[in-house]
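Residue numbers (this note's numbering), protein chains in the order written: chain A, 1 to 242; chain B, 243 to 686.
Here a beta-carbon is modelled for each residue, glycine too, at the ideal position from N, C-alpha and C.
Report on one structure; see the data block that follows.
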Amino acid sequence: MELTLLHLYPDAMSLYGEYANLSVLRRHLEALGVAVRLEKVTCEDVPDFTRADLVYMGAGTEGAQKAVLLGLTRQAAALRAALDRGCLVLFTGNAMETLGRSITDARGQTWGALGLADFTTVETDKRSPGDVIALSTLWEAPAVGFMNKCSTTSGVTTPLFASLPLGFGNEAEHGSEGYADGSILATHLTGPVLVKNPAFTDLIIRRLFFAKGWPLPQQLPVLPHEGEAYAVTLRELQARLK
Amino acid sequence: MRMFLAIVVCKLLRFIGKLVGKGSSLPGQYALKVCPDVLGRVKLPPYIIAVTGSNGKTSTVEMIAAILRAAGKDVVYNAEGSNQIEGVATLILSRSSLTGKMAGDVLLLESDERYAKFSFRYFHPTHFVITNLYRDQLTRNGHPEWVFESILPAIHPDTTLVLNADDPLVSRFAQGHDPEKVKWFGLERCSISTDTPRGVYDDGQRCPVCRGRMVYSCYHYHHIGHYRCESCGYCRHDPDFAVTELDLKAGRLVIGGGTEIRLSFRSIYNVYNILSAWSVCSLAGVEKAVMASVINDYILKNGRMVRFALGAHHGVLLTSKHENSVAYDTNLDYICATEKPCTVIILVDAISRKYFTGETSWLWDIDFDRLSCPQVEKVVLCGKYVNDLALRFDYTSVAPEKIVCYDTAAQAAQALQAAGEEDLYVLTCFSDRDKLLSLTKRED
């Protein structure tokens with residue numbers, strides 16, 4: 001069993017320790033006996049999506065996001081082809097915005113995006129960083145994390161999170177957040193989202209196994225400290241709700 | 243008349259505040275309500291020096307004040323650390339006459355990166371020192387480029403910028419500014435320089451101007467070094483003020499090829515703090531001999547490094563700015579420079595003392611692999627976020643058998659007190675340091 005994980009533009013889009021998402025995913029997969037090939041695609045490279053089983057991109061500055069967008073939109077057809085054959089796409093932080101139709105920056109300039117999802121994003125000159133508790137449409141345990149964005153995203157009809165008991169959703173406080181459709185999973189949660197949410201990691205593993213047609217193991221690996229760290233963060237964040 | 247009233251209000255509230263031991267922002271806050279543009283009306287001293295940046299503001303300001311005072315100048319500065327406009331107003335107005343003339347030769351201000359544009363709306367510094375910009379309290383600051391954009395409106399065309407030439411993002415402040423009004427400080431290639439970046443992440447990979455790939459002829463730490471963009475040619479400026487030799491181990495540096503300085507604190511931060519203080523004080527006309535006499539063996543009084551005893555152990559607590567991976571990496575370097583066997587204690591309990599957050603992403607930006615050295619015999623992890631720490635360490639090269647976890651600082655202190663006599667190094671932030679220090683005997 002072998003899987004290829006493609007990390008898109010870590011030289012520009014890894015602002016909050018996002019590399020850890022792939023480190024943790026890799027370790028979980030290896031615990032299941034999967035040989036993992038982790039390929040980093042820098043801004044100078046042309047990504048080869050034909051062998052990828054998962055394509056990941058994390059958060060960057062607003063400027064870095066626009067810079068990678070120019071190269072990325074040229075690859076839209078290739079990425080769509082990869083999606084069609086079952087490749088999973090996971091974009092976190094403002095990488096999520098690149099999946100939509102367009103991004104309008106704080107100066108009013110509109111940038112064409114990948115067009116893989118039917119939403120649009122508008123940036124502002126105000127930033128609204130904050131802790132998040134999010135209720136997923138795809139798994140039971142509430143997700144925890146942090147959002148560090150200066151934008152609103154409109155037009156999402158299939159969010160990843162139905163609501164946010166704590167935090168700012170796609171376009172409203174406590175509103176729905178992220179995007180989930182077919183093989184695309186996206187959230188504006190920043191940083192090591194998978195590290196913080198073992199249930200999210202499990203979902204990714206199930207999707208990867210399903211796409212390959214591999215039988216899903218009875219028990220997914222439980223690695224040390226992950227459950228305890230999640231429980232403490234959830235407890236602390238829930239205390240903020242009271 | 244409104245200026246007069248504002249000054250009276252400020253002086254009165256400041257007097258009452260001192261009597262009851264209250265903070266330094268309130269008098270300025272009320273004075274600004276009485277006369278919003280009062281800071282533009284007061285006659286300020288001939289030198290107004292401001293210092294901003296991610297790290298080193300307080301230390302640099304302290305050092306500048308010490309040097310200028312040694313040079314016989316009357317320096318007024320915000321020693322209480324009130325670095326937003328209200329605190330600045332309190333400082334200025336409480337030192338002003340009722341006719342609106344501020345006393346002193348130099349007004350020296352530590353300026354918050356995000357609030358400088360408010361502080362400098364009605365007046366501007368004659369000299370603006372910008373030390374560095376990197377990942378710092380991102381839960382509050384967004385990211386370094388966001389901070390850059392926040393500082394930009396605070397820069398007046400008449401201000402002389404004193405910039406860190408080795409920081410590509412800081413150097414961008416010079417773009418569009420009169421070149422005659424930009425002075426550079428930097429560290430030449432020296433014993434600590436490396437050919438490849440150290441650390442978990444590298445924020446020097448992309449050009450801050452055109453996003454092209456950058457190449458470095460040397461790195462000093464993180465993205466601080468000698469850079470050049472392959473695409474647009476954006477590159478490090480030759481410094482006007484340079485550290486030309488540095489031996490951190492021996493605690494010695496040379497400025498401008500001629501002046502030797504002894505370092506009491508052997509950290510790369512201290513080198514840049516000294517250099518930036520030297521640069522701006524030179525521009526203010528202080529003689530080299532006076533600056534050298536103050537800086538030699540200069541001991542910071544900011545309490546960031548505290549010696550203590552715990553049972554049979556002797557220890558050093560190193561305070562890092564919270565959510566600041568560069569500060570942690572620098573303190574890790576300090577620990578690893580030791581040659582004696584030691585235990586390192588890392589405490590993460592409250593992430594910030596000023597606001598709540600459960601955000602621990604920054605732990606993944608700290609290069610804990612540096613603790614994978616023979617003299618570090620044990621790593622004690624503790625605090626509310628001990629599991630996040632332990633999880634992070636699962637992805638380092640530190641041997642698992644060296645790691646011990648406790649839920650609280652008290653449990654960790656108790657266990658250490660009961661056994662062993664090796665040296666201790668504590669790595670934590672301002673919000674948590676007293677949780678451990680209060681259980682030890684101070685040795686300073």
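{"Check": "Of the listed residues TYR56/A, LEU32/A, VAL193/A, ALA20/A, nearest to PHE146/A (C-alpha basis)", "Outcome": "VAL193/A"}
{"Check": "Three-state secondary structure assigned by DSSP to LEU340/B", "Outcome": "coil"}
{"Check": "Option nearest ALA641/B by Cα separation, candidates ALA292/B, VAL457/B, ASN383/B, PHE610/B", "Outcome": "PHE610/B"}
{"Check": "ASN629/B at chain A interface by Cβ criterion, 8 Å", "Outcome": "yes"}
{"Check": "Test: ALA569/B CB closer than 8 Å to a CB of chain A", "Outcome": "no"}
{"Check": "Any beta strand (DSSP E) of 3 or more consecutive residues that is wholly inside the region 265-352 of chain B", "Outcome": "289-294, 317-319, 348-352"}
{"Check": "Neighbour flag for SER23/A against chain B, beta carbons, 8 Å", "Outcome": "yes"}
{"Check": "Neighbour list for THR157/A in chain B, Cβ cutoff strictly below 9 Å", "Outcome": "Chain B residues near THR157/A: none, gap ~29 Å exceeds 9 Å."}
{"Check": "Same chain, Cβ closer than 8 Å to THR61/A, neighbours up to 5 away in sequence not counted", "Outcome": "LEU15"}
{"Check": "Stretch-stretch touch, CB-based, cutoff 8 Å, three pairs: the region 532-549 of chain B with the region 622-642 of chain B", "Outcome": "no"}
{"Check": "Same chain only: Cβ atoms within 6 Å of ALA396/B, ignoring 5 sequence neighbours per side", "Outcome": "ALA358, LYS359, PHE362"}
{"Check": "Local Cβ density within 10 Å of ILE184/A, reported as buried at 16 or more and exposed below that", "Outcome": "buried"}
{"Check": "Contact list for the region 120-145 of chain A against chain B, Cβ threshold 9 Å", "Outcome": "ASP125, ARG127, PRO129, GLY130, ASP131, VAL144, GLY145"}
{"Check": "Per-residue burial, PRO687/B [other beta carbons within 10 Å of its own, 16 or more giving buried]", "Outcome": "In this structure chain B extends from 243 to 686, so residue 687/B is not present and cannot be described."}
{"Check": "Limits of the unbroken alpha helix (DSSP H) element including PHE257/B", "Outcome": "244-262"}
{"Check": "8 Å contact criterion, which SER603/B and GLY17/A should meet: CB distance rounded", "Outcome": "4 Å"}
{"Check": "Backbone secondary structure at GLU619/B - three-state DSSP", "Outcome": "strand"}
{"Check": "Contact with chain A by ALA632/B, beta-carbon distance below 8 Å", "Outcome": "yes"}
{"Check": "Per DSSP, cross-strand counterpart(s) of LEU488/B", "Outcome": "LEU495/B"}
{"Check": "Residue-level contact to chain B via CB, VAL195/A, 8 Å cutoff", "Outcome": "yes"}
{"Check": "Straight-line Cα distance separating GLU140/A from ALA82/A", "Outcome": "29 Å"}
{"Check": "Which listed residue (VAL55/A, ALA229/A, THR121/A) has its alpha carbon closest to that of ILE103/A", "Outcome": "THR121/A"}
{"Check": "GLU328/B beta carbon near the ligand FAD (any heavy atom closer than 7 Å)", "Outcome": "Within the structure as shown, the ligand FAD is missing, as the structure has no ligands at all."}
{"Check": "Contact set between THR190/A and chain B, taken where Cβ atoms lie within less than 9 Å", "Outcome": "LEU380, GLU601, SER603"}
{"Check": "Whole-Å CB distance - HIS555/B paired with SER594/B, under 8 Å assumed", "Outcome": "Contact doesn't hold; Cβ gap of about 29 Å is too wide."}
{"Check": "Beta carbon proximity, THR92/A to chain B, threshold 8 Å", "Outcome": "no"}
{"Check": "Cβ neighbour criterion (16 or more within 10 Å) applied to THR190/A", "Outcome": "buried"}
{"Check": "Spatial neighbours of ARG207/A in its chain, beta-carbon cut-off 6 Å, leaving aside the 5 residues before and after", "Outcome": "LEU88"}
{"Check": "Neighbour flag for GLU643/B against chain A, beta carbons, 8 Å", "Outcome": "no"}
{"Check": "Euclidean distance between Cα positions of ARG80/A and GLY182/A", "Outcome": "12 Å"}
{"Check": "Nearest candidate by alpha-carbon position, reference SER435/B, set TYR469/B, LEU574/B, PHE415/B", "Outcome": "TYR469/B"}
{"Check": "Cα-Cα separation, GLU387/B to HIS479/B", "Outcome": "20 Å"}
{"Check": "Own chain partners of ARG37/A with C-beta closer than 6 Å, once the 5 adjacent residues on each side are dropped", "Outcome": "THR4"}
{"Check": "Among LEU340/B, LEU681/B, ALA519/B, LEU403/B, nearest to ALA308/B - alpha-carbon criterion", "Outcome": "ALA519/B"}
{"Check": "Where the alpha helix (DSSP H) through ASN21/A begins and ends", "Outcome": "19-31"}
{"Check": "Minimum Cβ-Cβ distance from GLU173/A to chain B less than 8 Å", "Outcome": "no"}
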